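Undergrad: Residue numbers (the numbering used here), protein chains in the order written: chain A, 329 to 472; chain B, 14 to 808; chain C, 7 to 287.
Mind having a look at this structure? Questions to follow.
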Amino acid sequence: MKLAAKYAFEAPPEKVFAALVEPAILQKCIEGCEKMEKTEEDSYDAHLKIGVAGLKGSYVGKIRIYEKKPPESFTLQAAGKGAPGWVKGTARIQISPKGEGSELQCESEGQVGGVIAAVGSRLVEAAAKKMLHEFFRKLGEQLG
Amino acid sequence: MSTTIEEAPKVEEAPKGAKASQKYFGRAMKRVEDPRLLKGIATYVDDLKLAGMLHAEYVRSPHANAKINSIKTDSAKKLPGVVAIFTGADVNDKLGTIPCATPLPGGKSPDHKVLAGARAYFVGHPVAIVVAETRAIARDALELIDVDYDPLPAVIDPEKALEKNSPLTHPELGTNIAFTWSLSGGDVESAFKEADKVLKIRLIHPRLTPMAIEPRGCVASWHAGESSLTLWTSTQIPHLVRTLLPGLIGIPENKLRVVAPEVGGGFGSKLNLYAEEVVISHLAIRLNRPIKWIEGRRENAAATIHGRDQIGDHEIAIKKDGTVLAIRCKAIVDVGSYCQLLTPAIPTLTGIMLCGCYKLKAVQMEVTGVHTNKMSTDAYRGAGRPEAAYIIERIMDLVASELGLDPVQVRLKNMPEPTEFPFQTATGLQYDSGNYQAAFNKARELADWPNLLKERDAARKAGRLFGIGLSTYVEICALGPSKTMAAGGWEWGCVRIEISGKVTVITGTTPHGQGQETSFAQIAADRLGIPIEDIVVLHGDTATAHFGRDTYGSRATALGGSAIVMSIDKIIEKTKTLAAALLKSTPEKIEFADGKFFVSGEAENELGWGQLASEAYVAKNLPPGFEPGLEASSFFEPPNCTFPFGTHIVAVDVDRDTGQVKILKYIAVDDCGKQVNPLLVEGQVQGGIAQSIGAALMERTVYDENGQLLTGEFMDYAIPRATDIPDYVLGSTETPSPSNPLGVKGVGEAGTIGSTPAIANAVIDALSPLGIRHLDLPFTPERVWRAIQQKGGGS
Amino acid sequence: MIAAAFDYVRPATLDEALEHLAKHGEDAKVLAGGHSLIPAMKLRLSQPRVVVDIGRIRDLHSMRERDGQIAIGALTTHYEIESSDFLKRSCPLLPEVAGKIGDVQVRNKGTIGGSCVHADPAGDWPAAMLALDAEFEIGSPRGNRTVVAKDFFVDMLTSAVQPDEILKFIRVRVTAKTTAYVKFAQKASGFAIAGVAAVVDKARKDVAIAVTGVAAKVYRAAAAESSLRGLELSATTIATAAQQVADGVDPLSDIHASSEFRAHLARVQAKRALELAASRG
């Protein structure tokens, strides 16, 4: 499943980039992120409770940030597994200046497996889009 | 939904005044099996409750291809009620590998261990097993088991799997090729040189999921005192399991009893020995407690064998007048991660039946079996023959359309005459008997062919996409002569006249819906001249049916029925000796008719079975040398397979806006030789056609590019419902088979084989005015709509 | 296929039910007909610790009409709606939709309220509710409230009903006979790939067109509706309107129908629904 989206922010690229690689802010942006613990530089253990409406599952996994090129781009990778199955996603983020603010381009690739792939595949893409939009909306809030 | 049957086999009463020997064979009788099934008092494997029984659930891989780094079971083991948890490390080296009974020379298959070891190879691959006091506890424990996987790229597309840079499903094999096989019959080169034209077509038969209503399951019980094991399993093949299991679990054959209780559908998906059965058997011994395992639907969809999955590129040599000279076929079969019991044999059945019911001069087929990260494919209703019928029948329509000829005439032109039987095919088979023209003519008559053509013309003038499709098929079944089978193709039957005169028939076939408790009783009742109520037919338990080769390949009536006939004839011969002694005559002068023995010319002085049985067992007046008892068992070795055939005609309407296909008319004339019970025959044909409708219009096993099974539940895998089935018009012809004393051919798979091509040809005919030459299965609305869009045929 | 362990309570009144929800919060789920909740529980996608079975609350199982407004209790089953002569006369869209849901077994147990609160993007009821501008009366610890259809279906599998609330009644107006629901079903599940409910008001020259199964939530085809406002319905005007039914929508995509096909079906089904509705009066 591939998703591409663009978002505009009032803050300049440096501020947007800094927020995205800051674990405290990341955790606030990820809906259902109950825990995010740094294990190494740019690497985190995470506990996520994600899903759609009442169909939420608990996932335990890792979030990694790499290929950092501040303030222009980086890649974020998240992988987790839980009772409903496993999830894996990679997002390539590119931030460019736009007027006084920034434009962020997000290209992501996601895979799911287990029960959710077997019975929920029709909703997975829609759920992923929703989560992505929510993430960047919350980022906008965090940036003030 | 109603079925119109041309010679309506309503359930019949026994003909009034019928002789005792002519009351049952050929009569449409209700099944003796049905009352218990309909009342819910039959015993399926999940109904079994043994004292101290434990329950098992499997941890299965959610990845199509992954290294297994570790399996943490500590928290699961602490859950109250969990008795034990086992992984590959605990069992794999104690047990044998899952066998393939039909490996091909040069084939490469990896060791198929009962549980995943260092790697998982498909979604659903069993990785660990929890044994607990209740099924719910075992299920809860699954969530506490933590398996650390390192996912790897999955091999999914079988054609890409053959490319140089493809990842390997099994790296240690160095290749994704599981096997290659080729068939060459007749002079292919000169046939192609002789051709006026060479047609080319690529035909794909998608992967299908059998979806029997009852998923797999088994109960194993170790009898420590006797060091023997009983395995109840939802299987089509208890005898074959009893032959294969000893080598895997280290228990001798004569201390192993395998029982097939009531089985809720097999269709080939239970014609196998599964890793799960082996593990449960082993653990019952290891834990010294009975263990039950019942799979859920998603496990069934992921880890029970799939069917078909063949891609073929075909070249056809033809003459301008419609003569089909030869076919050259290069096929790829996606066999999944392992070869299960009969996996490599399936495409070979396609190859030998590739000429269908036509006099081709030559056939050549090359098959490459490819390993991918999916569940194994194996026999599914038809097992290779639906593929063959689809190929040859699509080709016949293609020939007709390319040459501008009538598809009826092209078929008739290439068919052998009834006088040419037994008919030798280019692939080396001898078709036992056939009259393809008779079935074809009858079907067209029932279809009111000239008016059907007019209906199509009128519909097309009105702008509708209306199509007519034909399939004149033949198939090979009643498998088969032992020389061609992996472990014996004979069948065993025992008949016993009890001291009371009641009759017990024991068959080595394993009916699981086919109705032999009824049809074998019909055969025995007529042959013995005994009322059918006095006969019971036993099957499925290796302790009762000592020998057998079970039920698959539409063999039970032809082979199992014949073994029973042999045994009855032995008893009648023996009883003549006893009757002679009692009637103070000689055996040569004794006649047997309608259940009575009498001296020729003295019919008033007759002896019946009741009296003779009593004499035979009480044994006070036996002639010298006469062994007490009236029982005989026989092995029937078939001289040849049988070749049922028929014609299916389908009319469809395609909605050009939505791509939906509606079957308007369905006519089928099937010839399965002599019919023991027309009601059973009708049931088989109806069911086979229903499964074909599924394969043609809606069924497809879908794995995504990561090997995730997307059609793992009935939410996404569509099978036909009653409302999808059109009114059938069913008829039959009877061309007896010379291959067995009953003259029957078998009909369990014929409907599945003959039907899909007719539906396919009908849909493509409907789309042909738009210039569409071919469209692959299944004809889902989107696929049909896109084809129409491409040709600008939308409204 | 075995649900995780749960506690089960069966309140006799709505207030009792609301108390249970208040007490257990996110750990509780309401059970009505069970044909969405129980499959989710068996797959363990939903694992409520407490199941609150509201099936015995008689008040919620009713059908009344007053002054041209019909109130249907949330626990009314699809079958009861399908077979209601009263509704066939007063609001025929409802029995027409009910008869297309799932199969006989589902219709015997499933409830209109449960279906609406579940808000499946491919469910049938949301299309009818949106096309009829239905009103939803919700029982809540914060005081009962009414939500109109366009605010009720919030998102995929999310309705306006909060976890501690219970839907009580659905109100629709009596309509003319010129309504229709046309559904293209996913062959395996029976859910809508494209379901269109059309409510035609010939007197006011106004139509409502609601589409389910196509997007992440049910929607009103505003552009199509505008193009018909004030016009006589004819083959031409209907065809023009139907072409706009998927405008501005991001269609779902899965192995059964791509986004492109889904959008196309929305247009085809809209045309058929409008033609059928118009032909009925």
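We treat Cβ as the ideally placed atom computed from N, Cα and C, and that holds for glycine.
In this text the structure is predicted, and so the values were computed from the model without any measurement.
Examine chain B for any beta-carbon lying closer than 8 Å to the beta-carbon of A:Gln439, and answer yes or no.
TA: As a working mapping, residue 439 of chain A is identified with position 111 in the first sequence. Taking Cβ atoms only, chain B reaches closer than 8 Å to A:Gln439, which makes this a yes.
Undergrad: Are the C-beta of C:Met162 and some C-beta of chain A separated by less than 8 Å?
TA: Numbered from its first residue, the third sequence carries residue 162 of chain C at position 156. Yes, its Cβ sits closer than 8 Å to a Cβ of chain A.
Undergrad: Quick one: residues in its chain with C-beta nearer than 7 Å to the C-beta of B:Ile585, no 5 flanking neighbours on either side, listed in chain order?
TA: Counting from 1 along the second sequence, the entry for residue 585 of chain B is found at position 572. The answer, listed in chain order, is Phe605.
Undergrad: Rank B:Val689, B:Lys91, B:Pro739 by C-alpha distance to the C-alpha of B:Tyr679 and give the top, closest one.
TA: Here the question's residue 679 of chain B lines up with position 666 in the second sequence. Cα-wise, what sits closest to B:Tyr679 is B:Pro739.
Undergrad: Who are the neighbours of C:Lys35 on chain A, taking C-beta pairs under 7 Å?
TA: The count along the third sequence starts at 1 and reaches residue 35 of chain C at position 29. Result: Gly382.
Undergrad: Does the distance from the CB of B:Gly521 to the CB of B:Ala558 come in under 8 Å?
TA: As a first step, residue 521 of chain B is located in the second sequence; it is residue number 508 there, counting from the start. As a first step, residue 558 of chain B is located in the second sequence; it is residue number 545 there, counting from the start. Contact flag set, yes.
Undergrad: Could you tell me which chain C residues have their CB closer than 9 Å to the CB of B:Val715, listed as they occur along the chain?
TA: Working through the second sequence from its first residue, we reach residue 715 of chain B at position 702. The answer, in chain order, is Ile261.
Undergrad: Grab me the residues of A:Gln470's own chain with a C-beta within less than 8 Å of its C-beta, minus the 5 sequence neighbours each way, in chain order.
TA: Walking along the first sequence from the start, residue 470 of chain A turns up at place 142. Only Ala347, Ile353, Lys356, Cys357 meet the Cβ criterion.
Undergrad: At a Cβ threshold of 8 Å, is C:Ile258 touching chain B?
TA: Locating residue 258 of chain C in the third sequence gives position 252, where the first residue counts as 1. Residue identity check: residue 258 of chain C is Leu in the sequence provided, not Ile. Answer no: the Cβ-Cβ gap between C:Leu258 and chain B never drops below 8 Å.
Undergrad: Which term fits B:Phe792, buried or exposed, when burial requires 16 or more other beta carbons within 10 angstroms of its beta carbon?
TA: Locating residue 792 of chain B in the second sequence gives position 779, where the first residue counts as 1. Under this definition B:Phe792 is a buried residue.
Undergrad: If I follow the unbroken beta strand (DSSP E) through B:Asp161, where does it start and stop?
TA: If you number the second sequence from 1, residue 161 of chain B lands on position 148. Residues 159-164.
Undergrad: Return the first residue and the last residue of the beta strand (DSSP E) that B:Val674 is part of.
TA: Within the second sequence, numbered from 1, the residue matching residue 674 of chain B stands at position 661. Unbroken beta strand (DSSP E) run through B:Val674: 674-684.
Undergrad: Interface residues of chain C around B:Tyr7 at Cβ under 7 Å?
TA: Residue 7 of chain B is absent from the model: chain B starts at 14 and stops at 808.
Undergrad: Apart from the five residues just before and just after B:Glu511, which ones in its own chain have a Cβ nearer than 7 Å to its Cβ?
TA: The residue labelled residue 511 of chain B in the question sits at position 498 within the second sequence. Result list for B:Glu511: Thr517, Ala626, in chain order.
Undergrad: Do three or more CB pairs link the segment 191-207 of chain C to the segment 217-228 of chain C at distances below 8 Å?
TA: Touching, yes, given that three or more Cβ pairs across the two stretches are closer than 8 Å.
Undergrad: Using DSSP's beta-bridge definition, name the partner residues of B:Asp326.
TA: Stepping through the second sequence from its first residue, residue 326 of chain B is reached at position 313. Partner(s): B:Arg215, B:Lys343.
Undergrad: How many Å lie between B:Ala145 and B:Ala69 at the Cα?
TA: Counting from one through the second sequence, the residue named residue 145 of chain B turns up at place 132. Counting from one through the second sequence, the residue named residue 69 of chain B turns up at place 56. Rounded to the nearest angstrom, the two C-alpha atoms are 6 Å apart.
Undergrad: Please report the straight-line C-alpha distance between C:Gly61 and C:Arg16, rounded to a whole angstrom.
TA: Looking up residue 61 of chain C in the third sequence gives position 55. Looking up residue 16 of chain C in the third sequence gives position 10. So the alpha carbons of these two residues sit roughly 8 Å apart.
Undergrad: Taking Cβ to Cβ, would you say C:Ala166 is nearer than 8 Å to C:Phe175?
TA: The residue given as residue 166 of chain C occupies position 160 in the third sequence. The residue given as residue 175 of chain C occupies position 169 in the third sequence. Not in contact: C:Ala166 and C:Phe175 (Cβ atoms no closer than 8 Å).
Undergrad: For B:Ile785 and B:Ile772, which I take to be in contact (beta-carbon distance under 8 Å), what is that distance rounded to the nearest angstrom?
TA: If you number the second sequence from 1, residue 785 of chain B lands on position 772. If you number the second sequence from 1, residue 772 of chain B lands on position 759. Not a contact, Cβ separation roughly 15 Å.
Undergrad: So the candidates are B:Leu155, B:Ala133, B:Ser247, B:Asp153; which of them puts its Cα closest to the Cα of B:Pro166?
TA: Position 153 of the second sequence, counting from 1, holds the residue named residue 166 of chain B. Closest option to B:Pro166, Cα to Cα, is B:Ala133.
Undergrad: When the Cα of B:Ile408 is compared with those of B:Thr182, B:Ile340, B:Ile732, B:Gly493, which residue comes out closest?
TA: Reading the second sequence from its first residue, position 395 is the one you call residue 408 of chain B. Checked all of B:Thr182, B:Ile340, B:Ile732, B:Gly493; the closest Cα to B:Ile408 is B:Ile340.
Undergrad: Pull out every residue of the segment 395-426 of chain A whose Cβ sits closer than 9 Å to any Cβ of chain C, in chain order.
TA: Of all residues in the segment 395-426 of chain A, Ala411, Pro412 have a Cβ within less than 9 Å of some Cβ in chain C.
Undergrad: Identify, in the order they occur along the chain, each residue of the same chain with its Cβ nearer than 8 Å to the Cβ of C:Lys48, setting aside the five sequence neighbours on each side.
TA: If you number the third sequence from 1, residue 48 of chain C lands on position 42. Within the same chain, C:Lys48 has close Cβ partners Met7, Ile8, Ala9.
Undergrad: For B:Ala708, which residues in the same chain have their Cβ closer than 7 Å to its Cβ, ignoring the five residues on either side in sequence?
TA: Working through the second sequence from its first residue, we reach residue 708 of chain B at position 695. These residues qualify, in order along the chain: Leu221, Thr769, Leu790, Pro791.
Undergrad: Roughly how far, in whole angstroms, is the beta-carbon of B:Val383 from the beta-carbon of B:Asp347, given that I think they are within contact range, below 8 Å?
TA: On the second sequence, position 370 is the one that residue 383 of chain B refers to. On the second sequence, position 334 is the one that residue 347 of chain B refers to. Confirmed, Cβ separation roughly 6 Å.
Undergrad: Going by other Cβ atoms of all chains shown within 10 Å of its Cβ, with 16 needed for buried, is B:Met14 buried or exposed?
TA: For the purposes of this step, residue 14 of chain B is identified with residue 1 of the second sequence, where counting begins at 1. Confidence at B:Met14 is low in this model, with a pLDDT of 41, below 50, so its placement is unreliable and the value that follows should be read with caution. Exposed is the call here.
Undergrad: Nearest CA to the CA of B:Val329: which residue from B:Ala375, B:Ser294, B:Asp59?
TA: Here residue 329 of chain B refers to the residue found at position 316 when the second sequence is read from its first residue. The amino acid at residue 329 of chain B is misidentified as Val; the sequence shows Ile. Of the listed residues, the one whose Cα sits closest to B:Ile329 is B:Ala375.
Undergrad: Give me the Cα-Cα distance between C:Gly79 and C:Thr242, rounded to the nearest whole angstrom.
TA: Within the third sequence, numbered from 1, the residue matching residue 79 of chain C stands at position 73. Within the third sequence, numbered from 1, the residue matching residue 242 of chain C stands at position 236. Those two C-alpha atoms are separated by around 40 Å.
Undergrad: Counting only beta-carbon atoms, is B:His810 nearer than 8 Å to chain A?
TA: Since the first residue of chain B shown is 14 and the last is 808, residue 810 of chain B is not available in this structure.
Undergrad: Grouping DSSP H, G and I as helix and E and B as strand, with all else coil, what is B:Ser15?
TA: Position 2 of the second sequence holds residue 15 of chain B. A caution first: B:Ser15 carries a pLDDT of 46, below 50, which makes its placement in the model unreliable, though a value can still be read off. Coil, per DSSP.
Undergrad: Please determine, among B:Ser389, B:Gln704, B:Val760, the residue with the shortest C-alpha to C-alpha distance to B:Gly686.
TA: The count along the second sequence starts at 1 and reaches residue 686 of chain B at position 673. If we check each option's Cα against that of B:Gly686, B:Val760 comes out closest.
Undergrad: If the cut is a Cβ gap below 8 Å, which residues of chain C does A:Gly385 touch?
TA: Residue mapping note: residue 385 of chain A aligns to position 57 of the first sequence, counting from 1. Correct list: Leu51.
Undergrad: Can you have a look at B:Pro139 and say buried or exposed, based on whether 16 or more other CB atoms are within 10 angstroms of its CB?
TA: On the second sequence, residue 139 of chain B is found 126 positions in, with the first residue counted as 1. It is buried - the Cβ of B:Pro139 has at least 16 other Cβ atoms within 10 Å.
Undergrad: Can you pull the chain C neighbours of A:Ala454, defined as C-beta to C-beta under 8 Å?
TA: By one-based count along the first sequence, residue 454 of chain A stands at place 126. Per Cβ cutoff of 8 Å: Pro127, Met162, Ala222, Leu258.
Undergrad: Among residues of its own chain, excluding the 5 on either side of B:Ala632, which ones have a beta-carbon nearer than 8 Å to its beta-carbon?
TA: The residue given as residue 632 of chain B occupies position 619 in the second sequence. Hits under 8 Å: Pro641.
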